[in-house]
Every structure is written in C-alpha cells, then in structure tokens.
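The working numbering puts the sequence shown at residues 3 to 168.
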Amino acid sequence: LINYMMQSVITEGTGRRARGLDVPCAGKTGTTNDMRDAWFSGFTPDLITTVWVGYDDGRSMGKGQTGGSVTAPIWKEFMDTATKKWRGGHFPVPQGIEYARIDADTGELAGPGSKRSFQGAFIAGTAPLFREIALEPPYGGEWSAQEGDEPVTLDADEPGAMDALQ
C-alpha cells in the first residue's frame with residue numbers, strides 16, 4: 003500500500019516532475035521550514051536514489067524551492083541514465099490488495115458525476131463499497147417523505163437498487 007501511495011506521488015502528486023521514466027517508479031518529496039533543504043527520495047524495482055539540495059550554513063534557498071520543484075527534476079535526470087543499466091520489471095503486488103476509483107472530493111467510490119478521482123489501493127475488503135447519490139425531486143416537484151425522515155442510501159450493487167433510482 004505504501005509503495006502504491008509513493009507511486010502516486012510521481013503520477014499525480016508533488017513529485018510529478020519526476021514522471022516520464024521508462025520503468026515504474028515511486029518516491030517522496032520533502033522540504034524543510036523556510037525552504038532550507040529540499041530532497042526527493044525515489045526508487046524503481048532495482049534502484050533507490052536520494053537527491054538533497056540546500057546550503058551548509060542553513061540559510062533559505064528562496065521562495066518556491068521545494069522537493070517537487072528542485073530535486074525531483076534532478077532525480078529524474080539521473081534516473082533516466084541509471085535505469086538504462088538497471089531496467090527492473092514491475093513492483094510486485096502482494097495477495098490481498100484490491101483497487102478502486104475514488105472520488106477525490108468525497109472519499110467514496112467515484113461515479114459518472116465525479117469531477118476529480120484517483121485510483122486507490124486497499125487491503126481486500128476495505129475499499130468503499132458504495133457511494134451516496136443525492137436525488138432531486140423530478141421537475142421541481144416534492145418527495146413524498148414525511149418531515150424528519152432519514153435520507154435513504156442505496157448501494158448500487160444491491161439487487162433492485164437501480165430499479166429504485168429509475
């Protein structure tokens with residue numbers, strides 16, 4: 003799970019400037035307070051490398067000098083050359099891991115209305131199983147529910163759930 007999260011640092015996170023290697027990779031950016039130091043630690047199935055940038059006297063490198071903006075591109079340039087010699091396969095995925103597309107705004111399963119989503123890795127059985135669907139009364143009408151009734155949550159995988167939505 004940690005390996006998968008660290009892959010997402012490169013594919014869609016703060017380390018996206020390290021994208022584009024011909025091998026699978028994962029990593030983590032880092033920046034100290036006042037941007038005194040920045041680093042990027044990354045790995046492929048065969049090679050681990052860390053890049054550190056900073057001044058020995060502890061002064062700030064300046065605004066915007068973060069691990070993602072300064073060290074991730076250096077790491078990628080080095081790894082472009084290094085991975086020509088060490089061309090690993092894929093990261094192994096242990097048994098008991100499952101994947102689900104998650105809505106980035108709600109944390110529930112992504113659906114057709116999700117504006118932002120990501121692929122998440124989960125221990126089997128822990129991924130979200132449903133998403134709540136907010137229904138509006140048709141044509142500006144009203145629902146027949148009584149005041150104080152709790153909203154109904156439908157699990158799209160339950161038999162008859164889609165019939166209820168129609």
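Idealized CB from N, CA, C, for every residue including glycine.
Open item on the list: Give me the DSSP bridge partner(s) of G15.
Closed with: DSSP output for G15 lists no bridge partner at all.
Task: Outcome for M7 when other beta-carbon atoms lying within 10 angstroms are tallied against a minimum of 16 - done: Per the 10 Å Cβ criterion, exposed.
Open item on the list: Between the alpha carbons of E100 and S71, how many angstroms are there, rounded?
Closed with: One C-alpha to the other measures close to 32 Å.
Task: Presumed contact (8 Å Cβ cut-off) between A129 and A102, rounded CB distance - done: Indeed they touch by this definition, with Cβ atoms about 4 Å apart.
Open item on the list: In whole angstroms, give me the CA-to-CA distance for P47 and A40.
Closed with: Their backbone Cα atoms lie some 24 Å apart in a straight line.
Task: Unbroken stretches of the alpha helix (DSSP H), 4 residues or longer, contained in the stretch 25 to 90 - done: With a minimum length of 4 residues, the continuous alpha helix (DSSP H) runs that stay inside the stretch 25 to 90 are 74 to 87.
Open item on the list: In the DSSP output, what is S119 paired with across the bridge?
Closed with: D105, per the DSSP bridge assignment.
Task: Beta-carbon spacing of A74, T13 below 8 Å - done: For the 8 Å CB-CB criterion, A74 and T13 do not form a contact.
TODO: Report yes if the CB atom of F42 is closer than 8 Å to the CB atom of W77, and no otherwise.
DONE: Yes; because the gap between Cβ atoms is below 8 Å, this pair is in contact.
Task: Test item: CB-CB of M81 and T52 under 8 Å - done: Result no, Cβ atoms of M81 and T52 do not sit closer than 8 Å.
Task: Neighbourhood of S119 by C-beta distance below 8 Å, restricted to the same chain and skipping five residues each side - done: Excluding sequence neighbours, S119 sits near R103, I104, D105, A106 and A112.
Open item on the list: So, at 8 Å on beta carbons, what are the nonlocal neighbours of A84 in its own chain, with the 5 sequence-adjacent residues on each side left out?
Closed with: Within its own chain, the residues whose Cβ lies closer than 8 Å to the Cβ of A84, once the five positions on either side in sequence are excluded, are L49 and T51, listed in chain order.
- [ ] Return the CA-CA distance between R38 and Q121, expressed in angstroms with no decimal places.
- [x] Our two residues, R38 and Q121, have alpha carbons roughly 33 Å apart in a direct line.
TODO: Take the Cβ of R61 as the centre, count every other Cβ of all protein chains shown within 10 Å, and call the residue buried at 16 or more, exposed below.
DONE: With fewer than 16 Cβ atoms within 10 Å of its Cβ, R61 is classed as exposed.
Task: Neighbourhood of G22 by C-beta distance below 7 Å, restricted to the same chain and skipping five residues each side - done: Cβ contact annotation for G22 (same chain, cutoff 7 Å, sequence separation greater than five): K78, in chain order.
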